[in-house]
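Numbering (my numbering), first residue to last: 28 to 548.
Heads up: the structure comes next, in structure tokens.
This is the structure:
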């Protein structure tokens, strides 16, 4: 557009200069004296006097309007364009120009044979040597093609803007070499305003979880070597220090002229989906565990009991009382273990279906620990194991009694199982330590309950798997006792149901300590 204005201004300057050189005094003659200039102009040029008469037009004008010179020159403008257009539009612009104003505008025009063009039009006042306005030079240029391209570009930009605004997540581009320009959506993903990432105040790589940065940088590096599309899943840490899972859809393109790769992408928050995937995995693991227990762990004890009972029946008369008692002891022990397994299994299945009610109440932890020890005392006596109740008699906790009893029973039972003869199992409690500003302090309304033994200990690689339903952790006890690992999973669910956390500290050959938190009353 600037080039058009420049060419028109140059035309006017040339016309004025010619007039001064020729010393033309006659208005009509002076206007027609410019014919050789306007004839070579690429614009449509017409000269109009103060009476709205056409004094001259160039060939470009005639071609555009498909009209002969004699049908224009000497005619009134209204005779060419009609009274309505002349009165409502052209006359106003000519009058302003005759007052010394330069008028410029762009407008759609309808030409003969239903031809429609978008024109860039300018009205310039024409002066004589006394600086008096003689008339108006009207210049117009067909910019239809440019207008169509502009409208197409604007339409595409609008479509792109609408598309971007409706795309969930963060839209960005990297140009060049990994410099991130966020188009929109950063705040909803990470909590930081878009402008902070645009300005570089916040760098995206610093938002990425430290354990996932190397993975993302590797993918970016590969995209800057070859045009490709990659989907990268990683974690970020939001402004509120929340960990979220995101899915980064990255596409790289190579621009030969500038010799660089550009990466465009969309980052989607998939935290909910990720949690759902983990939940589904957990549900599948739960189902597998359930059928595994039914198919093997529950079936196997029954086979043993059936074998002992058949042996006792078939040989009852030939066995001595001592042998009969021995077989009955084996049978009794298997029945107790199977009952315990069945009880855990039924209780666990109820928790998975949400059928267990949570009824917290004030409980005396010492008494509940004492009752649990009494139930398991015979098992401990059989292995010559001492169980110590180190809980203070006045400790009151807020918990569901059935769940807490199950937790204690499973933890103490496990301790007995993995402690050799003449060993010790201890249950106690202490004030729960928490970390505040990296300094240890005490949490007034919470205590830690522990069950520890001096047994065989647990390998480190197994410690992180103990409370996962997806892991098949089953270890034989010191006297060949079997189990399913279900008890610890049940403990974790019940501890968390009561608002606590459970963990284990163990060392091979020195024993284990299972610790869980409870709210105090």
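Glycine included, each C-beta is placed from N, C-alpha and C at the ideal position.
No experiment lies behind these values; they were computed from the predicted model shown.
Taken through DSSP and simplified to helix, strand or coil, residue 278 comes out as strand.
At least 8 Å separates the beta-carbon of residue 221 from that of residue 229.
If the five residues before and after residue 345 are omitted, its C-beta is found closer than 6 Å to no C-beta atom of its own chain. For residue 292, there is no enclosing alpha helix (DSSP H); the enclosing beta strand (DSSP E) has its first and last residue at 287-296. When secondary structure is reduced to three states using DSSP, residue 538 falls in the strand class.
Looking from the CA of residue 329, the closest CA among 163, 359 and 340 belongs to 359. Residue 143 is classed as exposed because its beta carbon has fewer than 16 other beta carbons within 10 Å across all chains shown. According to the DSSP assignment, residue 390 belongs to the beta strand (DSSP E) that extends over 387-391.
Within the model, the alpha-carbon separation for residue 530 versus residue 437 is close to 14 Å. Note that the C-beta distance between residue 417 and residue 453 is below 8 Å.
Rounded to whole angstroms, the gap between the alpha carbons of residue 252 and residue 281 is 9 Å. DSSP places residue 257 inside the beta strand (DSSP E), whose first and last residues are 256-264.
Taking C-beta separations shorter than 7 Å and ignoring five residues to either side along the sequence, the partners of residue 397 in its chain run 416, following chain order. Assignment of residue 152 by DSSP, reduced to helix, strand and coil, places it in the strand class.
If you look at residue 121, you'll find it in the alpha helix (DSSP H) that goes 118-125.
With respect to the 8 Å criterion, residue 259 and residue 243 are classified as neighbours on the basis of their beta carbons.
By the Cβ neighbour-count rule, residue 444 is buried, with 16 or more other Cβ atoms within 10 Å of its own.
Residue ranges of uninterrupted beta strand (DSSP E) with 3 or more members, entirely inside the stretch 400-470 and ordered along the chain, are 413-416, 423-427 and 451-463.
The closest CA to that of residue 169, considering only 263, 212, 267 and 90, is found on 90.
If you look at residue 168, you'll find it in the beta strand (DSSP E) that goes 160-169.
Between residue 489 and residue 540, the C-beta spacing is not below 8 Å.
Taking residue 420 as the centre and dropping the five residues before and after it, the same chain places the C-beta of 393 closer than 6 Å to its C-beta, in chain order. Sequence-distant Cβ neighbours of residue 88 in its own chain, meaning closer than 7 Å and more than five residues away, are 71, 72 and 73. When the beta-carbon positions are compared, residue 199 and residue 292 come within less than 8 Å of each other. Residue 161 and residue 76 do touch by the CB rule: their CB atoms are close to 7 Å apart, below 8 Å.
Inclusion of residue 399 and residue 474 in the CB contact set at 8 Å is not warranted, their separation being larger than that value.
Residue pairing from DSSP places residue 547 in a beta bridge opposite 424.
Counting the other CB atoms within 10 Å of its CB gives residue 234 a total of 16 or more, which places it among the buried residues.
Measuring C-alpha to C-alpha distances from residue 458 to each of 547, 448 and 408 identifies 547 as the nearest. Taking the C-beta atoms as reference points, residue 116 is found no nearer than 8 Å to residue 104.
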